[in-house]
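Encoded as structure tokens, the structure appears first; notes follow it.
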Amino acid sequence: MSSEENIIQDILEQVESSDKFTEDDKKECRKLLENNYRDISLDDREIILQRARVDNFEAISSKEIDFGGEDTVLYGENTTGKTSFIEALEFNLAGRPEHSVYRSQFELTDLIRKGRSAARTNTYWQVNGENYLISRILKRDNGLVEYPRVTQSPETRGIEEDRRDNQAKVSDLIGISPLEERLSERPYDLYRILGLFFTTSKNWRLFMDWNKAADMLDIIFRVNLTNVINASKARMEEKYSIDSDAEKATLQLNNRKDEKQTVESEIRSLEQERDRISTELADLRDQLRSVRRTLKEETDSEVNADELQSRKNTLESKEASIQRQLRDKAEQLAKKRRLINRYEDTDLKEDVDVVADEVKNLMSVPDQCPICANKVDKEQRARFLEHNHCPLCNKDVPEDRRRVEKEYQADESITAIQEKHEEKLDKLEQERDSLKFDINTLQERLEDTQSQLEQVKQVLEEGEIGELVDEREELEQEERGLEEELAKVQGKIDSKENRLEELESEVEELEALVEEFEQNNRKRQMLSSFNTIVQNKRDREQRKLKDRLEEVMLELTDYFTEGTFSDVVDVVFPDKGQYTFEIHKSDGTILDSTDPQESTAEVVLHALLFHTAVLKELDTTNRNLPLRLFVIDSAFTNEQDMWNERDLAAFLSELPDILNNYQIIISMAEIDMDLSSFKRNYRFEQF
1 MSSEENIIQD ILEQVESSDK FTEDDKKECR KLLENNYRDI SLDDREIILQ RARVDNFEAI
61 SSKEIDFGGE DTVLYGENTT GKTSFIEALE FNLAGRPEHS VYRSQFELTD LIRKGRSAAR
121 TNTYWQVNGE NYLISRILKR DNGLVEYPRV TQSPETRGIE EDRRDNQAKV SDLIGISPLE
181 ERLSERPYDL YRILGLFFTT SKNWRLFMDW NKAADMLDII FRVNLTNVIN ASKARMEEKY
241 SIDSDAEKAT LQLNNRKDEK QTVESEIRSL EQERDRISTE LADLRDQLRS VRRTLKEETD
301 SEVNADELQS RKNTLESKEA SIQRQLRDKA EQLAKKRRLI NRYEDTDLKE DVDVVADEVK
361 NLMSVPDQCP ICANKVDKEQ RARFLEHNHC PLCNKDVPED RRRVEKEYQA DESITAIQEK
421 HEEKLDKLEQ ERDSLKFDIN TLQERLEDTQ SQLEQVKQVL EEGEIGELVD EREELEQEER
481 GLEEELAKVQ GKIDSKENRL EELESEVEEL EALVEEFEQN NRKRQMLSSF NTIVQNKRDR
541 EQRKLKDRLE EVMLELTDYF TEGTFSDVVD VVFPDKGQYT FEIHKSDGTI LDSTDPQEST
601 AEVVLHALLF HTAVLKELDT TNRNLPLRLF VIDSAFTNEQ DMWNERDLAA FLSELPDILN
661 NYQIIISMAE IDMDLSSFKR NYRFEQF
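Quick note: the sequence shown, position 284, residue 284 per full-length UniProt numbering, numbers continuous.
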């Protein structure tokens, strides 16, 4: 099993053994891992720079160098074009960023020599024994126009001046296309990729400061898990994103449910009110029809005794019916109260049959005084009910002659655990209140019916119709009032029902949002757990690579005997996810690679040490990049730091032995020191 397969298997085993993942989660994680833990395919090819020609590029008028695949020093006085030649090589391979801001950032402006219309760069390569020419031209043509051209076997096919290729063809030839495809987010990232092979005075930290430098090292050393983490994070945001509406949905849903419950309760109350008014209106209309039949609106205004007698019989039947309904309602109310007391788990405070007794007692109050035969009016009846005054003598009625029903408030203290119990209790209490409401309504109807019956009896006895006429007018006016009241109540019901429909729709939508929020939130937590597993595995693999780089870099410091690195005792890569490092010296000083001293050559030392270690470690693995080129420009630019000059010279002179599988090109100005070690390992090209 390969190292890549071992990494995948280890991660999947951790996912399988965790109870944080459902079966669907495990499938999703496996798919993420298998689809994104992809090793790049690097062709096993040998690429050698044979020759390069530069015309009208920056400080160079025309210069051709025959490298022949050898390690070369571009040597000469300052301003003779050494740096321009190296920049021309880089431009030949990568071109320029399209945007002027990035061209300025990489110092790729004013490339055409002053007074010329075009700059030309030609590099000749041998790729697995075959010859190739990469030609790139920069012209002034209503602005700057540049394009590359790749020619196979130029010695036989010649140069096709009019043909234009794209950058992908160049990148493919030198073997960096897989890195571009995986790493490039912007066109100018190509310069960052090439920054591993081109270490120049323009920006010694061009590669080291790149936010994707760690990703590139992970890829070329087969620690490819960063891509899995990035894909998982992208899936988290694209498929399982949580917007502000979803986060607020839970609170909004509770509010809407509370409002819906309130509206439903209001509708029930209004429906009860509507039913009461409808019943009252129906009774009134029956009464009005009876009065109208009784009254004969003729000139003689004679009274129809048969109609009055019929109405008397109807009212007596109605009175008996209401009394039966009152008894039934009283019995139902008693049952409801017993159930309520049973749910409240308390002793009965008073027998609910008192209600029935009270109703019976109320009904036993005679309609007329047994002594004088006068009618017992509402005021006398009220005195009995409210103050226990006898309708006859206006004195207090003895206790044993009356019964008073007492109401007890239900204990409102209900624990949260008894929610279902409370709902049932609430329903029973609503039914109880409804029965009490019905009893009161029936009592009022009974009193009205008895009053009407008394009036009919008096009319029958006296034969007068004046009161009936007045009653008809009152009933008609009352009918109009009840109709208006009924219409208003129905309007309120319709409005509440419309709001209820809106709330039901909103609740349905919010429930879907809440469900989506909960599902997405769980998925995000799942992917976060998956990322933690992958990240831990990546950190362990990175730690192995960092340990190897620490050893290589510490060995390389042996070449430094006089300057800043002469007393290095350790090189440490902290566990920060990136490939930043620290140089530990014998006196306790720690040199941080992210914060070199600008007044010294420390930034150059850090860059050379790091790049050399990476290329050397890569050379020892069974995997390498086709482009085995290491270009260093102007390592001796800091003239103030003479302390490190000899160490830099010693290290650079030994690079061909350290990186014996790489073609090394160095540019440097004339220096006052022995160059014999350089001349032993390099060929010199004088500028």
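Backbone N, C-alpha and C fix where the C-beta goes; we use that ideal spot for every residue, glycine too.
Its chain contains L333 as the residues whose beta carbon lies nearer than 8 Å to that of K436, once the 5 sequence neighbours on both sides are disregarded; these appear in chain order. The continuous beta strand (DSSP E) containing M668 extends over residues 663-669. The straight-line gap separating the alpha-carbon atoms of K312 and K335 is approximately 35 Å.
In the displayed model, I322 falls within a helix according to three-state DSSP. In the DSSP assignment, the residues bridged to H584 are D570, I590. In the DSSP assignment, R628 falls outside any beta strand (DSSP E) and carries neither an H nor an E.
Between E259 and K496, the C-beta gap is not smaller than 8 Å, which leaves the two residues out of contact.
Setting aside the 5 residues that flank it on each side, K82 is surrounded in the same chain by L74, Y75, G76, D633, S634, S667, M668, A669, F687, each with a C-beta closer than 8 Å to its C-beta; the list follows chain order.
Burial state of T226 is buried, judged by a 10 Å Cβ sphere holding 16 or more other Cβ atoms. Distance from the Cα of E247 is smallest, within the candidate group N521, K537, T199, for N521. The shortest CA-to-CA distance from M208 to any of L513, P626, E64, V603 is the one to V603.
Setting aside the 5 residues that flank it on each side, A613 is surrounded in the same chain by L549, V552, M553, L556, each with a C-beta closer than 7 Å to its C-beta; the list follows chain order.
By the CB criterion at 8 Å, T561 and D647 fall inside the cutoff.
A direct Cα-to-Cα measurement between V170 and I134 gives close to 7 Å. Scanning Q452, I242, V534 for the CA closest to the CA of S290 turns up Q452. Annotated three-state conformation of K576 is coil, per DSSP. In the three-state scheme derived from DSSP, where H, G and I count as helix and E and B as strand, W210 is classed as coil. Counting along the chain, no alpha helix (DSSP H) covers A119; the unbroken beta strand (DSSP E) around it starts and ends at 118-127.
Around V507, the same chain offers L253, R256, K257, K260 as residues with beta carbons nearer than 7 Å, after the five sequence neighbours per side are excluded.
Pairing Y662 with F630 gives a Cβ-Cβ distance under 8 Å. With a cut-off of 8 Å on Cβ pairs, the region 85-94 is in contact with the region 51-59, counting three or more such pairs. Taking E34 as the centre and dropping the five residues before and after it, the same chain places the C-beta of I8 closer than 8 Å to its C-beta, in chain order. Counting C-beta atoms within 10 angstroms of its own C-beta, A213 has 16 or more neighbours from the protein chains shown and is therefore classed as buried. Take N128, set aside five residues on each side of it, and the residues of its chain with a beta-carbon closer than 7 Å to its own are R45, E46, in chain order.
Between the C-alpha atoms of F21 and Q535 there is a straight-line separation of about 17 Å. Each residue's CA atom was taken as its position, placing Y682 and E70 some 7 Å apart. For L183, the number of other beta carbons within 10 angstroms of its own is at least 16, and it is reported as buried. In the DSSP assignment, the residues bridged to Q152 are Y132. CA-CA distance, Q443 to L326, rounds to 7 Å.
Taking the Cα positions, F530 is about 14 Å away from N36. Taking a C-beta distance under 8 Å as the contact criterion, I174 and P626 qualify as a contact pair. E485 and I439 have their alpha carbons spaced roughly 21 Å apart. Spatial neighbours of K457 in its own chain (CB-CB distance under 8 Å, excluding positions within 5 residues in sequence) are listed in chain order as K312. Boundaries of the beta strand (DSSP E) harbouring D66: 60-66, taken from the DSSP string.
C-alpha of S62 to C-alpha of A118: approximately 12 Å in a straight line.
A direct Cα-to-Cα measurement between F198 and L605 gives close to 15 Å.
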